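Protein chains in written order, with the numbering used here: chain B, 1 to 230; chain F, 1 to 230.
For each residue, glycine too, the CB sits at the ideal point set by N, CA and C.
These figures come from a predicted structure and were not determined experimentally.
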DNA sequence: ACCTGAACACCGTTCAAGT
DNA sequence: ACCTGAACACCGTTCAAGT
């Protein structure tokens with residue numbers, strides 16, 4: 001085992017040779033966490049790893065592939081076993097997995113945008129898809145409805161979180177939910193009730209669109225809709 | 001009226017002074033249409049308008065504001081009156097507006113990603129929101145359910161189109177839908193039935209996730225879910 | 001008010017060369 | 001196989017200056 005230095009270890013700088021893909025992806029996620037979405041760059045990752053920019057191309061073909069690897073890595077951080085369980089619990093399984101995915105994405109808001117660019121590739125996306133399908137089959141859907149429903153759930157989860165994060169600066173930790181809701185309520189203050197009457201009288205609800213409560217509510221409605229015609 | 005030159009007019013180059021915001025936004029959309037999402041740049045727009053890069057900052061504060069203007073401009077191209085109509089037709093109104101929005105976004109795929117970055121600002125977004133709310137109130141929902149439902153429909157429309165476009169190169173015209181479905185079916189060919197049994201037997205459905213038919217199906221399920229508990 | 005000129009601090013990517 | 005050195009063709013943005 002390595003001698004554990006008691007000195008405050010320097011932060012992953014220094015010329016450490018022999019990288020691997022996992023280190024590159026981890027450095028990229030750390031970079032986005034520190035500097036927000038626009039901090040992601042091949043050159044920046046190389047700098048953090050103490051390596052010349054083009055060394056990164058040993059591990060990814062281009063920036064787009066790095067982004068796909070980030071998506072797959074974050075997806076792997078959500079416990080797939082949350083989708084397991086008795087058939088009768090299909091709904092609870094889908095809900096708890098969705099909430100866990102949302103939590104992981106909110107913890108890495110700068111990377112969440114990437115999920116709207118190429119989410120369906122990657123080994124982990126395939127595994128998540130199979131898990132969603134299994135839950136929907138357990139709900140009593142036929143194969144066609146389960147597959148269509150799977151995509152609808154995907155669209156809901158990813159779209160919802162992306163829009164929620166779009167209103168932030170993408171740098172964790174995000175302000176607590178009550179603060180973000182309060183900021184939205186303030187922004188809605190100037191709505192003209194003459195031209196937008198319904199919007200004007202529902203600003204309190206709209207302020208909470210980015211809440212976990214709305215996320216759960218929307219998911220339940222989606223699941224209602226998918227299973228209504230069973 | 002201006003003398004109409006019969007010569008094949010040169011393409012918007014040349015030193016035309018006195019720009020305005022509309023020209024800048026139009027040039028930006030044209031640029032994304034021609035070169036895909038990564039072709040969008042302040043410098044590129046300036047080049048197309050025959051102006052120095054920093055001249056653009058007379059009309060937008062930064063790149064992010066240009067992107068918001070693009071979103072608002074595209075939103076304005078979808079006829080809001082599609083949301084008007086008899087209360088009993090609330091469902092048809094929502095469906096035809098959604099389909100029209102999808103059509104506009106698919107015609108400008110490189111710009112569609114921007115809708116996931118800051119869609120709820122802008123004057124046109126507000127007007128669309130009021131229209132969605134009116135349709136949902138006509139559906140018999142109370143104010144709270146209508147507002148929550150409005151956001152769910154927004155998430156669905158924008159998330160759906162964004163994921164669909166994520167699989168393309170973002171340059172119009174996109175390949176026709178049957179070709180895109182066939183390409184997806186081919187990509188699904190290698191699925192391992194042992195590890196992903198349900199996925200493997202539903203690849204034909206999954207190939208069609210990006211179809212207009214799935215889009216309409218998903219919207220109907222969302223509307224079912226929203227109105228189920230009325 | 002609106003534009004130019006010039007600069008600063010960045011990008012992604014490629015190629016040849018070293019080990 | 002994996003990295004460096006050096007270059008190419010780009011970025012967004014700022015500042016001072018001109019009209």
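Exercise. How long is the line joining the alpha carbons of residue 132 of chain F and residue 75 of chain F, rounded to whole angstroms?
Worked result: 14 Å
Problem set entry | Residue-level contact to chain F via CB, residue 85 of chain B, 8 Å cutoff | no
For this session: Give, in chain order, every residue of the segment 147-175 of chain B whose Cβ lies closer than 7 Å to some Cβ of chain F.
Result: 147, 148, 151, 152, 155, 156, 158, 159, 160, 162, 163, 166
Exercise. Where are the alpha helix (DSSP H) runs, 4 residues long or more, that stay fully inside the segment 101-155 of chain B, in chain order?
Worked result: 109-112, 123-138
Problem set entry | Reduced DSSP secondary structure (H/G/I, E/B, other) of residue 40 of chain B | For residue 40 of chain B, the three-state secondary structure derived from DSSP is coil.
For this session: Run through the segment 24-68 of chain F for me and flag every whole alpha helix (DSSP H) of 4 or more residues, listed as ranges in chain order.
Result: Counting only runs of 4 or more, we get 42-48.
Exercise. Taking the alpha-carbon positions, what's the residue 242 of chain B to residue 118 of chain F distance?
Worked result: Because chain B here runs from 1 to 230, residue 242 of chain B falls outside it and cannot be looked at.
Problem set entry | Nearest to residue 59 of chain B (by Cα), restricted to the options B/19, B/200, B/176, B/153 | Comparing C-alpha distances from residue 59 of chain B to each of B/19, B/200, B/176, B/153 shows the shortest one belongs to B/19.
For this session: Let me know if residue 81 of chain B comes out buried or exposed under the rule of 16 or more other beta-carbons within 10 Å of its beta-carbon.
Result: An exposed status is given to residue 81 of chain B, since fewer than 16 other beta-carbon atoms sit within 10 Å of its beta-carbon.
For this session: Flag residue 143 of chain B as yes if its beta-carbon sits less than 8 Å from any beta-carbon of chain F, otherwise no.
Result: yes
Problem set entry | Residues from the segment 188-221 of chain B in contact with chain F, defined by Cβ distance under 8 Å | 191, 195, 196, 197, 198, 199, 201, 202, 205, 206, 209, 214, 217, 218, 220, 221
Exercise. For residue 149 of chain B, which of F/220, F/139, F/120 has the nearest alpha-carbon?
Worked result: F/220
Exercise. Around the C-beta of residue 57 of chain F, are 16 or more other C-beta atoms found within 10 angstroms, so that it is buried, or is it exposed?
Worked result: exposed
Exercise. Nearest-angstrom Cα distance between residue 50 of chain F and residue 66 of chain F?
Worked result: 18 Å
For this session: Please confirm whether residue 41 of chain B and residue 205 of chain F have their CB atoms less than 8 Å apart.
Result: no
Exercise. What's the call for residue 52 of chain F, buried or exposed, on a 16-neighbour Cβ count within 10 Å?
Worked result: With fewer than 16 Cβ atoms within 10 Å of its Cβ, residue 52 of chain F is classed as exposed.
Exercise. Taking the alpha helix (DSSP H) that residue 188 of chain B falls in, what are its first and last residues?
Worked result: No alpha helix (DSSP H) holds residue 188 of chain B; DSSP gives it neither H nor E.
Problem set entry | Within chain F, partners of residue 134 of chain B - CB distance below 8 Å | 198
For this session: Determine the DSSP secondary structure at residue 178 of chain F, reduced to helix, strand or coil.
Result: helix
Exercise. Is the CB-CB distance between residue 120 of chain B and residue 113 of chain F below 8 Å?
Worked result: no
Exercise. Using DSSP with H/G/I as helix, E/B as strand and the rest coil, what is residue 197 of chain B?
Worked result: helix
For this session: Have a look at residue 143 of chain B and residue 137 of chain B and give me their C-alpha separation to the nearest angstrom.
Result: 7 Å
For this session: Pull out every residue of the segment 100-125 of chain B whose Cβ sits closer than 8 Å to any Cβ of chain F, in chain order.
Result: 113, 116, 117, 118, 119, 120
Exercise. Between which two residues does the alpha helix (DSSP H) harbouring residue 19 of chain B extend?
Worked result: Where residue 19 of chain B is concerned, there is no enclosing alpha helix (DSSP H), given that its DSSP letter is neither H nor E.
Exercise. With a cut-off of 8 Å, do at least 3 Cβ pairs link the segment 154-165 of chain F to the segment 88-102 of chain F?
Worked result: yes
For this session: Use the C-beta contact count for residue 140 of chain B: other C-beta atoms within 10 angstroms, 16 or more gives buried, fewer gives exposed.
Result: By the Cβ-count criterion, residue 140 of chain B is exposed, with fewer than 16 other Cβ atoms from all chains shown falling within 10 Å of its own Cβ.
For this session: For the alpha helix (DSSP H) containing residue 78 of chain F, list its first residue and its last residue.
Result: Where residue 78 of chain F is concerned, there is no enclosing alpha helix (DSSP H), given that its DSSP letter is neither H nor E.
Exercise. Which residues mark the beginning and the end of the alpha helix (DSSP H) in which residue 217 of chain B is found?
Worked result: 212-228
Exercise. At least one CB of chain B closer than 8 Å to the CB of residue 177 of chain F: is that the case?
Worked result: no
Exercise. Any Cβ of chain B within less than 8 Å of the Cβ of residue 36 of chain F?
Worked result: no
Exercise. Is the Cβ of residue 48 of chain B closer than 8 Å to any Cβ of chain F?
Worked result: no
For this session: Evaluate residue 230 of chain F with the Cβ neighbour count: other Cβ atoms within 10 Å of its Cβ, from every protein chain shown; 16 or more gives buried, anything less gives exposed.
Result: exposed
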